[in-house]
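Before any comments, here is the structure.
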Amino acid sequence: MKKIVCLLLALALFVSIAACGGSGKQQSPAPTSTGGGGGPSTSAPETPTAPEAKEGVQMEKLPHPAGEIIRYITPSPTKYEKADKSTLYIGQTGVPIQNGNPGSGSDSAFYPLVFDRLIEFDYDTGGVAPMVIKDWKLSEDAKTLDITMRDDITFHNGQKATIDDLLYSLWRYSKVELANLTDKNIYGNIDYDKSEKTGDYSARLILKEPSVSMIRGFTSGYLLCKEHLETNGEENGWWDNVVGSGPYKVESIIQGDRYNLVKNDNYWGEYKPVFDKVVIRYYPEASTMYMDYETGALDIAVNPLAVDVNRVINGEVNNTICDIYPMLFLAYLAFNEEKNPILYDINVRKAIILSIDQEIVAKMAFDFMAVPTTSLMHTGMGGKVEWGIQRDVEAAKAALAESGYKPSDIKLVLGTSTNNVNMAVAEAIQAQLLEVGFQVEMITTDPQTNLNNLRNAGPDTYDITQGFVQYINLDQNALIQAMSKATGSTYFATVSDEKAEELAYKQKTALTQEEKEAAAEELQKYLYETWWFAPLFEQKVAIIYRDYITGIRAVAGRSPNVNAVKIVG
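Per our numbering, the sequence shown starts with residue 1, numbered consecutively.
As structure tokens, this is what we get:
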């Protein structure tokens, strides 16, 4: 019943938008580039990202390298006193408590508190800044990278960090069995047999293929203690035994519940720990996290529900700041032509894509916490190309007629996971395809089964699905990793197209940033011309916190850095 209601709502939304001026007969405009050839474009999406603030609530728009941050500040009739000023309490949702291995860990404030990034973000520009690696030089052929690390880093176990630890960290991140979530186009591009130390704190890295993305890619990696992990192994080197070099140390990790951290009095870095303890709690239900925030059990709540963000915008809670960040998640519709050969037909793909209204899909899934997009690259990225397509039912049917089919001739299986958001996206897509006349069955599975299905290795065969490009930074690597077999992707979302593979490889091995952005433009335009993907939306994420908190930083808002957080007032 719930599914039927959702489908009807999606159709109602479409009718409503169409009645307000949405055209059903607009031709697809030519793709337009934004930011190619120079630095990252910082143009924000035109669609409003959040409602206007209610009376008494201040609203500000702050610059961000991936668009903008929208900030709401609720009234403070009286000063809100933090009960326990020695401990910072953070809530997170969507990302369960894990064993502490940053190579296999999902987004969390935990990692930059306990470990030091190999290369830090420049939070103002979206570029990079020195951290563990303080100096670097890439050769003209982009195949040799000389690096020098700091000589004053000490691990939590008292051991001094050297280049051996850094090289070991890079090597671990190249191994799927040790670090399954890192970018193998970065760490796997190092020839570890040919690379060598050039001193106690320096090394020369020999790359298998040219890459101008290595240093920016290192923002996803953290320094690990070689001796600790080699001595204790995978079973005993994590959980309560985690050893990092960051401003906080692990006191305990309670599976399914929380990370308990204590200050590292010997921290070497700029942002010394200001709290005796930090507690990061995981909430399976985001609504429960917000309730704990309202009652004072949390100082910071990461990724609350849109309905709870609305409560802040409406001024229902005082002494609160809500920042809405770009999440650096970009959703798209992908085809499984290997399992359903009808999808090799460009006109069939075109018909499906022209049946989709990105605005409805974004609204159904995230309300105002997503903005529709017609680009495969995120706002703020150099080389981004906007497609400019709109839903066009008549053009969709005409494209299908070109291929010799009627909509009712095509039966599609739309696959997704049981995650509520993914289901909402799929239901909106299904409703629009049904309206055009396609026969669409939706299959929902648990996340692990869904992952196997996306690799064509599970019990179910999907014809179409919504994919997500998860950008760590403003580099284009995630795009080509998600969409090209030549760059290591194992998902069916990658295209079976030699020209696309060639262009992806050209982007991957470009010798300068300008060449890389130009290649990214060429790849996107080709993918649009051949109708291989349908961009859907850019997701947003909110961070809610008390007005005595300052210092939260983030490039991807889903993974904030709270090292600089302190209490003010």
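Just so you know, even glycine gets a beta-carbon here, dropped at the ideal spot from N, CA and C.
List the whole-angstrom C-beta distance separating residue i from residue j, where the pair is believed to meet the contact cut-off of C-beta under 8 Å.
i, j, result
"N319", "D547", "5 Å"
"L433", "S355", "5 Å"
"I443", "G415", "5 Å"
"G654", "T162", "The question about residue 654 has no answer here: the residues shown for the chain are numbered 1 through 569."
"A179", "S108", "Actually they are not in contact, since the Cβ atoms of A179 and S108 sit about 16 Å apart, beyond 8 Å."
"I186", "S213", "7 Å"
"V250", "D240", "6 Å"
With a threshold of 6 Å on Cβ separation, who are the neighbours of residue i within its own chain once the five nearest residues in sequence on each side are excluded?
i, result
"L298", "Y89, G91 and D292"
"K277", "T87 and V262"
"D609", "Coverage of the chain is limited to positions 1 through 569, which leaves residue 609 absent and any answer about it impossible."
"Y471", "L328, H378 and A478"
"P341", "none"
"S106", "V95"
"A399", "N347, K350 and A351"
"L13", "With a pLDDT of 34 at L13, under the threshold of 50, the modelled position of that residue is not reliable, and the figure given next carries that caveat. Around L13: I360."
"S23", "A caution first: S23 carries a pLDDT of 30, below 50, which makes its placement in the model unreliable, though a value can still be read off. Contacts found: none."
"W136", "I147 and I215"
"V274", "K566"
"Q430", "L414, V440 and M442"
"A19", "Note that A19 scores 32 on pLDDT, short of 50, meaning its location in the model is unreliable and no value can be drawn from it."
Here's the rule I'm using: 16 or more other beta-carbon atoms within 10 Å means buried, otherwise exposed. How should residue i be labelled?
i, result
"E427", "buried"
"G38", "Residue confidence for G38 is low, a pLDDT of 31 falling below 50, so the modelled location carries little weight; the figure read from the coordinates is stated next. So G38 ends up on the exposed side."
"D252", "With the sequence shown as reference, residue 252 is identified as Ser, and Asp is not the correct amino acid for it. Exposed, since its Cβ has fewer than 16 Cβ neighbours within 10 Å."
"I464", "buried"
"Q439", "exposed"
"S489", "buried"
"R349", "buried"
"Q390", "buried"
"G233", "exposed"
"K566", "exposed"
"P304", "buried"
"Q58", "exposed"
"Y344", "exposed"
"R455", "exposed"
"I549", "buried"
"N336", "buried"
"T93", "buried"
"I4", "Per-residue confidence for I4 stands at a pLDDT of 34, beneath the threshold of 50, marking its modelled position as unreliable; the derived number appears in the next sentence. By the 10 Å Cβ count, I4 comes out exposed."
"V425", "buried"
"D581", "Outside the shown range of the chain (1 to 569) lies residue 581, about which nothing can therefore be said."
"T512", "exposed"
"L62", "exposed"
"Y111", "buried"
"T577", "Lying before the first or after the last residue shown, residue 577 is absent from the chain, which here runs from 1 to 569."
"Q27", "With a pLDDT of only 36 at Q27, under the threshold of 50, the placement of this residue in the model should not be trusted; the figure read from the coordinates follows. With fewer than 16 Cβ atoms within 10 Å of its Cβ, Q27 is classed as exposed."
"K194", "exposed"
"S375", "buried"
"I313", "buried"
"D392", "buried"
Leaving out five residues on either side along the sequence, give the residues of the same chain with a beta carbon under 8 Å from the beta carbon of residue i.
i, result
"N157", "C225, H228 and V243"
"T144", "L138, R204, L205, I206 and L207"
"E441", "K411, L412, V413 and L414"
"K160", "I153 and T154"
"P210", "D141, A142, K143, T509, A510 and L511"
Which residues in the same chain as residue i place their Cβ atom closer than 7 Å to its Cβ, once the five residues preceding and following it in sequence are excluded?
i, result
"D367", "A306"
"P96", "G256 and Y282"
"Y168", "L224 and K226"
"T530", "I346 and D497"
"M131", "D116, R117, L118, I119 and E120"
"K134", "T148, M149 and R150"
"T461", "K339 and V413"
"A564", "Y271, G551 and R553"
"R216", "V128, N473 and D475"
"Q507", "Q476, I480, K516, A519, A520 and L523"
> Is the stretch 239-249 in contact with the stretch 113-127, if contact means three or more CB pairs nearer than 8 Å?
Replying inline: The stretch 239-249 is in contact with the stretch 113-127.
>> Which complete beta strand (DSSP E) runs does the stretch 390-443 hold, if anything under 3 residues is left out?
In response: Taken in chain order, the complete beta strand (DSSP E) segments of 3 or more residues contained in the stretch 390-443 are 411-417.
>> When you compare the stretch 491-503 with the stretch 536-551, are there three or more beta-carbon pairs, one atom per stretch, that lie closer than 8 Å?
In response: No, because fewer than three Cβ pairs between the stretch 491-503 and the stretch 536-551 fall closer than 8 Å, the two stretches do not touch.
> In chain order, which continuous runs of the beta strand (DSSP E) of length 3 or greater are located wholly inside the stretch 330-397?
Replying inline: Annotation: the stretch 330-397 contains the following complete segments of the beta strand (DSSP E) (minimum length 3 residues), in chain order: 370-372 and 384-386.
>> Could you check whether the stretch 500-517 touches the stretch 443-456, counting it as contact only if at least three pairs of C-beta atoms, one from each stretch, sit closer than 8 Å?
In response: Because the criterion of three Cβ pairs below 8 Å is not met, the stretch 500-517 and the stretch 443-456 do not touch.
> Quick one: complete alpha helix (DSSP H) runs, 4+ long, within the stretch 455-539?
Replying inline: With a minimum length of 4 residues, the continuous alpha helix (DSSP H) runs that stay inside the stretch 455-539 are 477-483, 498-508 and 513-529.
>> Closer than 8 Å is the cut-off here; do at least three beta carbon pairs connect the stretch 53-63 with the stretch 73-80?
In response: The stretch 73-80 and the stretch 53-63 touch, with three or more beta-carbon pairs separated by less than 8 Å.
>> Measuring CB atoms only, is the stretch 319-330 touching the stretch 396-410, in the sense that at least three cross pairs come out at less than 8 Å?
In response: In short, these stretches do not touch, since the Cβ pair count stays below three.
> Hey, which unbroken runs of the beta strand (DSSP E) at 3 residues or more fall wholly within the stretch 195-273?
Replying inline: Along the length of the stretch 195-273, whole beta strand (DSSP E) runs at least 3 residues long occupy 196-199, 202-206, 248-254 and 258-263, reported in chain order.
> If you scan the stretch 78-142 from start to end, which runs of the beta strand (DSSP E) of 3 or more residues do you find wholly inside it?
Replying inline: The stretch 78-142 contains these whole beta strand (DSSP E) runs: 87-93, 119-121, 128-130 and 133-138.
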